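Number of protein chains: 2
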Amino acid sequence: MTSGEDKLIARFFKPLATHPGALGLSDDAAILEPPAGHELVLKTDAITGGVHFFPDDAPDLIARKALRVNLSDLAAKGAKPVGFLLTLALPSSIDEQWLGKFSAGLQADAQAQGCPLFGGDTIATLGPVTISIFALGSVPRGAMVKRSGAKPGDRVVVTGTIGDAALGLTIRKEPGAAQSWKLDARLRDHLIGRYLLPQPRLGLAEALRTHASAAMDVSDGLAGDLTKLCGVSGVSAEIGVGSVPLSAAAQRALASDARLIETILTGGDDYEILCTVRPDELPAFRARAAAADIAVTDIGVVVAGKDEPRFVDAGGAALVFSRKSFSHF
Amino acid sequence: MTSGEDKLIARFFKPLATHPGALGLSDDAAILEPPAGHELVLKTDAITGGVHFFPDDAPDLIARKALRVNLSDLAAKGAKPVGFLLTLALPSSIDEQWLGKFSAGLQADAQAQGCPLFGGDTIATLGPVTISIFALGSVPRGAMVKRSGAKPGDRVVVTGTIGDAALGLTIRKEPGAAQSWKLDARLRDHLIGRYLLPQPRLGLAEALRTHASAAMDVSDGLAGDLTKLCGVSGVSAEIGVGSVPLSAAAQRALASDARLIETILTGGDDYEILCTVRPDELPAFRARAAAADIAVTDIGVVVAGKDEPRFVDAGGAALVFSRKSFSHF
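These protein sequence lines are chains A and B, in that order. Under this note's numbering, the letters of the first sequence match residues 1 to 329, in that order. Under this note's numbering, the letters of the second sequence match residues 1001 to 1329, in that order.
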């Protein structure tokens, strides 16, 4: 008598619902109260086949990317993951094998990040697989790191390396690109891996709350996202292009084709953290990042003004981009 | 420099983000703390074109249905709406006129129900319009009405009328159905309207918290949903088919074709509330419902046992359904 939908939920998703407030996914809704003195941070991001991932990507990686793009936002806001809800639109081509891999990938990340499933909705669709995740985090009351706090004189800092995922996506679309950039298999796979599986910088959340004046995650390209942060903060910025941290693979590609700097600085899917830090806070922030084993790099300075941030090359000239960031529309 | 996505959000969705914790949709995430002594109720439901609505349905009604199916769950749980997040997957065929109507419909309901927008994600899709809503409500700590509290002897109660939306959907699919059921235009439009625009019973939330032993909303058909409630509560139920409240339109249709009782009792999209109430609580519950101008009908009794609930006709025979409820899979 149990419906197919109920069976699917019980088999594939109930094991992820480890929080008592999820009621084992046996009710219409879940119950959640933030820890005393804390408030919740709410975020939603969706991904869909043919746009954010390739239909033949491994289902476990699709699931993990769907969750991680949300966790990346929580990290940038200084929040600790609390849990998530999921809506999953499935075309008829999806079988139990795909769902098994999808839910196993989701479960692995949910467990590793302490972010259990609180509920969801599974629907049939005439379109591609579409995954919407609603992530909840918690921060001490009033402590969420906003985009709006950057002040002139603050240093502009990014985690990890920039541009890898955009180059990885280019390789996925144009398989000859890796060869033309003189990348060996290891460097090529590094870029593709960075596209497939973001690394949310949750280990930096507390340091951001303590030391950052503003932060956001870099999901739509560094140049465009910095422009958004500066816009909300009412400031501008000056970035040294040569200071932007690049992986060995991105450096090699850039050496082969200098025009790739635009892909690197404006392409999406980095899922690194962009933040601003007062100069006197920077040493302590660096120490906390090092303790968390997360690379952070000072790439420039916040300046007064309403101009768009400038990306200045070694010769002192500002780069001009044909477009600043990824946008769906 | 603002991206198309940012412009779209500013124009169509920022007016809905009236809660200060939404930060005017200018940040990556929103901030929310439940009222003191309260906990949050979390719910997500998604709808997609060609499955839950027809692509040519009015965009404002699609938006309102997407929100209302979630509000219906909050009502059934005894929760007061706090806010919602939205992910919207849009095919390239969607234009600004469609979006304007969609956001206007959403805004009307968000305002009327006190349920502002806290955030969202708008993505391009190769498939049909897909709308995922994550709704948050609040209840006094420990007061959420679960599915699991029904006890033998409790009365089984439903709000409103049952089966209208399923009959309305049948008419949408088979335009000749209304005529064969001898429905005039007014009765036909009543059924179609019930399919297009659910009425979440939020006015009953407090009465449910006070008087109901268990509750859920009827979204996948009364028979199947009652089976779920009984299953989680570890009980069975006996329902008088003749007691199930039907609209004038449904009564007329049923008089024309007695087989429609299965569509009425097992079809989806009612978005009424199914609850169980101790007999001694029933008068007070009825009075509260009357004060809220929400019809409630006693349709049967919870009984001990693990059998599936029985729907008994006037002759004392139990109906046998070919399927108990709507399921996507």
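Think of the CB as a built atom: it goes at the ideal place given N, C-alpha and C, for glycine as much as any other residue. Only a predicted model underlies this, so the values are computations on that prediction, with no experimental measurement involved.
Integer-rounded CB distance, given that residue j should sit under 8 Å from residue i
{"i": "Lys1080 (chain B)", "j": "Ser1138 (chain B)", "result": "5 Å"}
{"i": "Leu1187 (chain B)", "j": "Ala1249 (chain B)", "result": "4 Å"}
{"i": "Ala205 (chain A)", "j": "Ala75 (chain A)", "result": "5 Å"}
{"i": "Ser1072 (chain B)", "j": "Asp1217 (chain B)", "result": "4 Å"}
{"i": "Ser1256 (chain B)", "j": "Lys1182 (chain B)", "result": "5 Å"}
{"i": "Ala1185 (chain B)", "j": "Ile1131 (chain B)", "result": "Not quite, the Cβ-Cβ distance comes to about 30 Å (not below 8 Å), so this is no contact."}
Alpha-carbon spacing of residue i relative to residue j, whole angstroms
{"i": "Asp1293 (chain B)", "j": "Gly4 (chain A)", "result": "37 Å"}
{"i": "Arg336 (chain A)", "j": "Ala1214 (chain B)", "result": "Look at the range of chain A in this structure, 1 to 329, and you will see that residue 336 (chain A) is not part of it."}
{"i": "Asp1225 (chain B)", "j": "Ala1022 (chain B)", "result": "35 Å"}
{"i": "Ile1299 (chain B)", "j": "Asn70 (chain A)", "result": "45 Å"}
{"i": "Pro175 (chain A)", "j": "Leu191 (chain A)", "result": "12 Å"}
{"i": "Val1320 (chain B)", "j": "Arg1310 (chain B)", "result": "9 Å"}
{"i": "Arg68 (chain A)", "j": "Phe118 (chain A)", "result": "16 Å"}
{"i": "Ala1284 (chain B)", "j": "Val129 (chain A)", "result": "47 Å"}
{"i": "Ser180 (chain A)", "j": "Thr170 (chain A)", "result": "12 Å"}
{"i": "Met1 (chain A)", "j": "Gly1305 (chain B)", "result": "Residue confidence is low: Met1 (chain A) scores 44 on pLDDT, short of 50, so the model does not pin down where it sits. Its coordinate-derived value is still stated next. Between Met1 (chain A) and Gly1305 (chain B), the C-alpha separation is close to 16 Å."}
{"i": "Ala1318 (chain B)", "j": "Glu1238 (chain B)", "result": "9 Å"}
{"i": "Ala17 (chain A)", "j": "Ile9 (chain A)", "result": "10 Å"}
{"i": "Leu25 (chain A)", "j": "Leu32 (chain A)", "result": "14 Å"}
{"i": "Ala1295 (chain B)", "j": "Ala1150 (chain B)", "result": "21 Å"}
{"i": "Asp1095 (chain B)", "j": "Leu88 (chain A)", "result": "25 Å"}
{"i": "Ile1133 (chain B)", "j": "Ala258 (chain A)", "result": "43 Å"}
{"i": "Ala223 (chain A)", "j": "Gly160 (chain A)", "result": "16 Å"}
{"i": "Gly203 (chain A)", "j": "Asp56 (chain A)", "result": "31 Å"}
{"i": "Leu1236 (chain B)", "j": "Ala1029 (chain B)", "result": "Reading off the sequence shown, one finds Ser at residue 1236 (chain B), where the question assumed Leu. Answer to the nearest angstrom: the Cα atoms are 44 Å apart."}
{"i": "Arg1201 (chain B)", "j": "Phe1012 (chain B)", "result": "27 Å"}
{"i": "Gln107 (chain A)", "j": "Leu1136 (chain B)", "result": "24 Å"}
{"i": "Val1232 (chain B)", "j": "Gly1078 (chain B)", "result": "18 Å"}
{"i": "Leu265 (chain A)", "j": "Ala177 (chain A)", "result": "18 Å"}
{"i": "Leu1099 (chain B)", "j": "Leu1090 (chain B)", "result": "10 Å"}
Min CB distance residue i to chain A below 8 Å
{"i": "Thr966 (chain B)", "result": "What is shown of chain B runs 1001 to 1329, which leaves residue 966 (chain B) out entirely."}
{"i": "Leu1023 (chain B)", "result": "yes"}
{"i": "Asp1028 (chain B)", "result": "yes"}
{"i": "Ser1003 (chain B)", "result": "yes"}
{"i": "Val1232 (chain B)", "result": "yes"}
C-beta neighbour in chain B for residue i, strict 8 Å
{"i": "Ile31 (chain A)", "result": "yes"}
{"i": "Leu204 (chain A)", "result": "no"}
{"i": "Arg11 (chain A)", "result": "no"}
{"i": "Val235 (chain A)", "result": "no"}
{"i": "Ser322 (chain A)", "result": "no"}
C-beta contact flag for residue i and residue j at 8 Å
{"i": "Ser998 (chain B)", "j": "Asp1269 (chain B)", "result": "The requested residue 998 (chain B) does not occur in the structure, where chain B is confined to residues 1001 to 1329."}
{"i": "Thr1263 (chain B)", "j": "Val1302 (chain B)", "result": "no"}
{"i": "Gly163 (chain A)", "j": "Tyr195 (chain A)", "result": "no"}
{"i": "Pro34 (chain A)", "j": "Leu42 (chain A)", "result": "no"}
{"i": "Ala1046 (chain B)", "j": "Ile123 (chain A)", "result": "yes"}
{"i": "Val1158 (chain B)", "j": "Glu1308 (chain B)", "result": "no"}
{"i": "Gly330 (chain A)", "j": "Leu86 (chain A)", "result": "A query on residue 330 (chain A) cannot be resolved here, the shown segment of chain A reaching from 1 to 329 and no further."}
{"i": "Asp1109 (chain B)", "j": "Arg1278 (chain B)", "result": "no"}
{"i": "Val1156 (chain B)", "j": "Ala1212 (chain B)", "result": "no"}
{"i": "Gly1083 (chain B)", "j": "Pro1059 (chain B)", "result": "no"}
{"i": "Leu274 (chain A)", "j": "Leu229 (chain A)", "result": "yes"}
{"i": "Asp313 (chain A)", "j": "Val244 (chain A)", "result": "no"}
{"i": "Arg172 (chain A)", "j": "Phe54 (chain A)", "result": "yes"}
{"i": "Ala1165 (chain B)", "j": "Gly1267 (chain B)", "result": "yes"}
{"i": "Thr125 (chain A)", "j": "Gly1127 (chain B)", "result": "yes"}
Residues in the stretch 1034-1052 of chain B with C-beta within 9 Å of chain A's C-beta atoms, listed in sequence order? Pro1034, His1038, Glu1039, Leu1040, Val1041, Leu1042, Lys1043, Thr1044, Asp1045, Ala1046, Ile1047, Thr1048, Gly1049, Gly1050, Val1051, His1052
Of all the residues that make up the stretch 118-140 of chain A, which are near chain B by a beta-carbon distance shorter than 7 Å? Phe118, Gly119, Gly120, Asp121, Thr122, Ile123, Ala124, Thr125, Leu126, Gly127, Pro128, Thr130, Ser132, Phe134
Which residues, in chain order, does the stretch 1138-1157 of chain B contribute to contact with chain A at a C-beta distance below 9 Å? Val1139, Arg1141, Gly1142, Met1144, Lys1146, Arg1147, Ser1148
Against chain B: residues of the stretch 211-223 of chain A by CB proximity under 8 Å: Met216, Asp217, Asp220
What residues from the stretch 1052-1080 of chain B come within 8 Å of chain A, judged by C-beta to C-beta, listed N to C? His1052, Asp1073, Leu1074, Ala1076, Lys1077, Ala1079
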